[in-house]
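Novice:
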Amino acid sequence: RVVTMRIGVVLGKEGALNRMALPFKFFLGGPLGKGNQYLPWIHIHDLVRMIRFIVKHEELSGPINAVAPNPLKMKDFCKVLGKVLRRPSWFPVPEFLLKIALGQMAEMLLHGQRAVPRKILNSNFKFKFPDLEMALEDILG
């Protein structure tokens, strides 16, 4: 069998979240770009659990969206991030600055898609962190 996981932005103690949180720490946080793009995300622990689940369940094959079940737009993601960090989310980051700071990763953050993990949910996989605030509290709290 072949399984192709379409993995969203993985939230953990390292990686994209650290870069996204940095402006908030200086009270300069806000949505990236216009903020209307979706940001498919998944907590790293749910991703690891999902991989194990897929290995055990041989009936799963083909493309699987490895993202949390509650997609958010970038502006809403940043509001929650600001809330967890106890910082405002009011300063939008222009696209050109993102491209300078993040390079290739900026494209994914600026042009996200609304992905839903329908196949894995239909297989009775249970997310430990289906909610962004809960996920960010676990990582940053």
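All residue numbers for the sequence shown refer to the working numbering, where the first residue is -17 and numbers rise by one. Built from N, CA and C at the ideal position, the CB exists for glycine as well. As the structure is a computational prediction, the values presented were derived from the model and not from experiment.
Report the rounded CA-to-CA distance for ARG68 versus PHE9, giving the unit in angstroms.
Specialist: The residue you call residue 68 lines up with position 86 of the sequence shown. The residue you call residue 9 lines up with position 27 of the sequence shown. Between ARG68 and PHE9, the C-alpha separation is close to 10 Å.
Novice: What alpha helix (DSSP H) runs, 4 residues minimum, are completely inside the region 20 to 61?
Specialist: Listed in chain order, the complete alpha helix (DSSP H) runs (minimum 4 residues) inside the region 20 to 61 are 26 to 38.
Novice: Could you round the C-beta distance between LYS110 and ASP28 to whole angstroms and report it? I think they count as a contact, below 8 Å.
Specialist: For the purposes of this step, residue 110 is taken as residue 128 along the sequence shown, with counting starting at 1. For the purposes of this step, residue 28 is taken as residue 46 along the sequence shown, with counting starting at 1. With 8 Å as the limit, LYS110 and ASP28 qualify as a contact, their Cβ atoms being about 6 Å apart.
Novice: Beta carbon of ILE(-11), beta carbon of ALA48: below 8 Å?
Specialist: Translated into positions along the sequence shown, residue -11 becomes position 7. Translated into positions along the sequence shown, residue 48 becomes position 66. Cβ distance < 8 Å, so ILE(-11) and ALA48 count as in contact.
Novice: Please specify which runs of the beta strand (DSSP E), each continuous and at least 3 residues long, are wholly inside the region 60 to 112, giving them in chain order.
Specialist: As far as the region 60 to 112 is concerned, it has no whole beta strand (DSSP E) run of at least 3 residues.
Novice: Does the separation of the CB atoms of LEU92 and GLY15 fall below 8 Å?
Specialist: Position 110 of the sequence shown, counted from the first residue, corresponds to residue 92. Position 33 of the sequence shown, counted from the first residue, corresponds to residue 15. Cβ atoms of LEU92 and GLY15: closer than 8 Å.
Novice: Nearest by alpha-carbon distance to PRO22: which of PRO53, GLY(-6), GLU40 is it?
Specialist: The residue given as residue 22 occupies position 40 in the sequence shown. Nearest C-alpha to PRO22: PRO53.
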